[in-house]
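Reading through the C-alpha cells given below for one structure.
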Amino acid sequence: RKEVEQDPGPFNVPEGATVAFNCTYSNSASQSFFWYRQDCRKEPKLLMSVYSSGNEDGRFTAQLNRASQYISLLIRDSKLSDSATYLCVVNPGTYKYIFGTGTRLKVLA
Amino acid sequence: EAQVTQNPRYLITVTGKKLTVTCSQNMNHEYMSWYRQDPGLGLRQIYYSMNVEVTDKGDVPEGYKVSRKEKRNFPLILESPSPNQTSLYFCASSLMGQPQHFGDGTRLSIL
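In order, the protein sequences belong to chains W and B. Residues in the first sequence are numbered from 6 upward in steps of one, following our numbering. Residues in the second sequence are numbered from 399 upward in steps of one, following our numbering.
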C-alpha cells in the first residue's frame, strides 16, 4: 500500500459545481498535512494546511479524519482557474514529506 | 521577496558529463529538499537536509549527491548523469514540519 494515495482523476466538473477530493495516508503517526496546487509542469504551490478541526479559506475547505486516516479538500463554486492538479502532502513526524501523485481537476465552461 | 531559486531552469547534456543544479533560499529555513517529478509517479524525494552539514537520503538517492555547507544553499550533483535521470527537478525549503516553498523547477534532459 502506498504511503499516500489519491485518485488521479481527472475530475471534469462544470463551472459553479462543488467538488471534493480525498487523500488517504498509511502512517497513523502522521503529524502535518497540506494541500498543494500544481499547474502543468510548474512548481507546487501551497493551497492550505489541514488542521485537526478542519479549516476553510474562501471557497476551499480542508478536513482531517484521523480515525479513517484521510484528508479531504472541498472546492465550492468551481472556477475555470481552479483547473490544476491537487497534491496531498503528509509529514509523518519524520524529516520527510510524502507526496501523493495528485488529482487532476478540469473545470469546464 | 522570499524565494527559492534554482539554476539552471533548463539543461540538455550528455551521459557521463558531471553537472550541478544549484538551489538557494533567502528565508533562513533549516530544512531543504530535492525532488524529482516524473509522469505517473508524482514527486519523489531525492535527498533532504535538516541543517548545515546534515543530509540524508530520500526515496530515490541513487546517482545523486548533495551538500549543505551553508544554510541558504543546497546543490544537487549528478556525478555521471544517465538518461534515466531525465526529469523535472524541484528544490524546496521550509521550517521543520511546516509547508515547503518550491523553486521554479529545473528541466533536465540527459542524452
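Think of the CB as a built atom: it goes at the ideal place given N, C-alpha and C, for glycine as much as any other residue. Just so it is clear, the structure is predicted and the values come from calculations on it, not from any experiment.
Y100 of chain W and Q498 of chain B do not touch by the CB rule: their CB atoms are close to 12 Å apart, not below 8 Å.
C93 of chain W has W:W40 as its beta-bridge partners, per DSSP. Each residue's CA atom was taken as its position, placing E20 of chain W and Q443 of chain B some 35 Å apart.
Between L51 of chain W and chain B, the shortest Cβ-Cβ separation is below 8 Å. It is roughly 43 Å from the alpha-carbon of L85 of chain W to the alpha-carbon of V452 of chain B. Under the DSSP definition of a beta bridge, P19 of chain W partners with W:L113. Looking from the CA of I508 of chain B, the closest CA among B:K415, B:P406 and B:R407 belongs to B:K415.
In the assembly as shown, V450 of chain B is an exposed residue. Its beta-carbon has fewer than 16 other beta-carbons within 10 Å. Around V458 of chain B, the same chain offers R442 and I444 as residues with beta carbons nearer than 6 Å, after the five sequence neighbours per side are excluded. Note that the segment 480-490 of chain B does not touch the segment 26-38 of chain W; fewer than 3 beta-carbon pairs, one per stretch, sit closer than 8 Å. Linking G501 of chain B to E48 of chain W through their CA atoms gives a straight-line distance of about 7 Å. Taking C-beta separations shorter than 6 Å and ignoring five residues to either side along the sequence, the partners of T108 of chain W in its chain run Q11, D12, G14, F26 and Y91, following chain order. Distance from the Cα of K469 of chain B is smallest, within the candidate group B:Q423, B:Y487, B:E399 and B:R407, for B:Q423.
At least one C-beta of chain B is nearer than 8 Å to the C-beta of F39 of chain W.
Look at Q11 of chain W here: in three-state DSSP terms it is strand.
Relative to the Cα of V412 of chain B, the nearest Cα in the group B:L439, B:L493 and B:L476 belongs to B:L476. In this structure, L69 of chain W lies away from S54 of chain W, with their beta-carbon atoms at least 8 Å apart.
At a cut-off of 8 Å between C-beta atoms, M425 of chain B does not count as an interface residue with respect to chain W.
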